[in-house]
Amino acid sequence: DSGVTQTPKHLITATGQRVTLRCSPRSGDLSVYWYQQSLDQGLQFLIQYYNGEERAKGNILERFSAQQFPDLHSELNLSSLELGDSALYFCASSVVGQGSQFFGPGTRLTVL
Amino acid sequence: GQQLNQSPQSMFIQEGEDVSMNCTSSSIFNTWLWYKQDPGEGPVLLIALYKAGELTSNGRLTAQFGITRKDSFLNISASIPSDVGIYFCAGLSNTGNQFYFGTGTSLTVIP
Numbered sequence: 288d289s290g291v292t293q294t295p296k297h298l299i300t301a302t303g304q305r306v307t308l309r310c311s312p313r314s315g316d317l318s319v320y321w322y323q324q325s326l327d328q329g330l331q332f333l334i335q336y337y338n339g340e341e342r343a344k345g346n347i348l349e350r351f352s353a354q355q356f357p358d359l360h361s362e363l364n365l366s367s368l369e370l371g372d373s374a375l376y377f378c379a380s381s382v383v384g385q386g387s388q389f390f391g392p393g394t395r396l397t398v399l
Numbered sequence: 006g007q008q009l010n011q012s013p014q015s016m017f018i019q020e021g022e023d024v025s026m027n028c029t030s031s032s033i034f035n036t037w038l039w040y041k042q043d044p045g046e047g048p049v050l051l052i053a054l055y056k057a058g059e060l061t062s063n064g065r066l067t068a069q070f071g072i073t074r075k076d077s078f079l080n081i082s083a084s085i086p087s088d089v090g091i092y093f094c095a096g097l098s099n100t101g102n103q104f105y106f107g108t109g110t111s112l113t114v115i116p
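Protein chains in written order, with my numbering: chain A, 288 to 399; chain B, 6 to 116.
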């Protein structure tokens, strides 16, 4: 158990819908990262937050957005969902912005 | 974006054999991480490397941060069936805050 929690574990929705994925970092970790992993693909970095502020942006679509709240939990919002958005979405956290990352169990999103 | 070349892409080995995989980058990294991922699960951190030349062990696993800071390798000795999974390297560029991940090495251990 890495100490990073993600909810929900599974999510099934329809095209065009909007969903919110939630992540709670390890106790004491200030930085949160979001990744997308499609079938048989590597991890694609989406976005990073550090102590509530956006720190780095990767290949995140405009339909996706994220935020980190004062209690340091983070949410990833995915809107106007398409079939190709079906993937595993992972959250990771680290103490500082450049430290070792610890991953949550992921949320499996299926868009039908 | 930054590319990490990880090789081999897949390995099929007999139980008891040693395994070696590596990652290379076109630019310098400050940190190298090695992860193992089981199907449908989150990656689990195996080893973290923070200094060029650093050699670190974790049980049967040994990893090294290349002297050029552009590569890293992971060795697994005396493989066992539970070593099966996908191994990812990740590197932190010295120019930014983003970690880049390799494409993974799929390891199959034949009993």
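Quick reminder that beta carbons are idealized off the backbone N, C-alpha and C, glycines included.
Keep in mind that this is a model prediction, so the values were computed, not measured.
- Burial is judged here by how many other beta carbons sit within 10 angstroms of a residue's own beta carbon; residue 350/A has fewer than 16 and is exposed.
- Under DSSP, residue 11/B takes part in a beta bridge, and its partners are 28/B.
- Look at the segment 36 to 96 of chain B and you find these whole runs of beta strand (DSSP E), each 3 residues long or longer: 49 to 54, 60 to 63, 66 to 70 and 76 to 81.
- For residue 381/A, the beta-bridge partners assigned by DSSP are 318/A.
- Taking a contact as a CB-CB distance under 8 Å, the pair residue 394/A and residue 298/A counts as one, their CB atoms being some 6 Å apart.
- In the displayed model, residue 370/A falls within a helix according to three-state DSSP.
- In the three-state reduction of the DSSP assignment, residue 301/A falls in the coil class, being assigned neither a helical nor a strand state.
- Residue 319/A and residue 354/A have their C-alpha atoms roughly 10 Å apart.
- Excluding the 5 residues flanking it on each side, residue 294/A has same chain C-beta neighbours closer than 6 Å at 309, in chain order.
- Pairing residue 306/A with residue 396/A gives a Cβ-Cβ distance under 8 Å.
- Residue-level contact check: residue 53/B touches chain A, since one or more beta carbons of chain A fall below 8 Å from its beta carbon.
- Interface annotation, residue 391/A: in contact with chain B, CB-CB separation under 8 Å.
- When beta bridges are read from the DSSP output, residue 364/A appears opposite 307/A and 352/A.
- Residue 344/A carries a strand assignment under DSSP once its states are collapsed to helix, strand and coil.
- Residues of the segment 91 to 111 of chain B with a Cβ closer than 8 Å to any Cβ of chain A, in chain order: 93, 95, 97, 101, 102, 103, 104, 105, 106, 107, 108 and 109.
- The alpha-carbon of residue 67/B is positioned some 14 Å away from that of residue 88/B.
- Taking 8 Å as the cut-off, the beta carbon of residue 55/B is found no closer than this to the beta carbon of residue 48/B.
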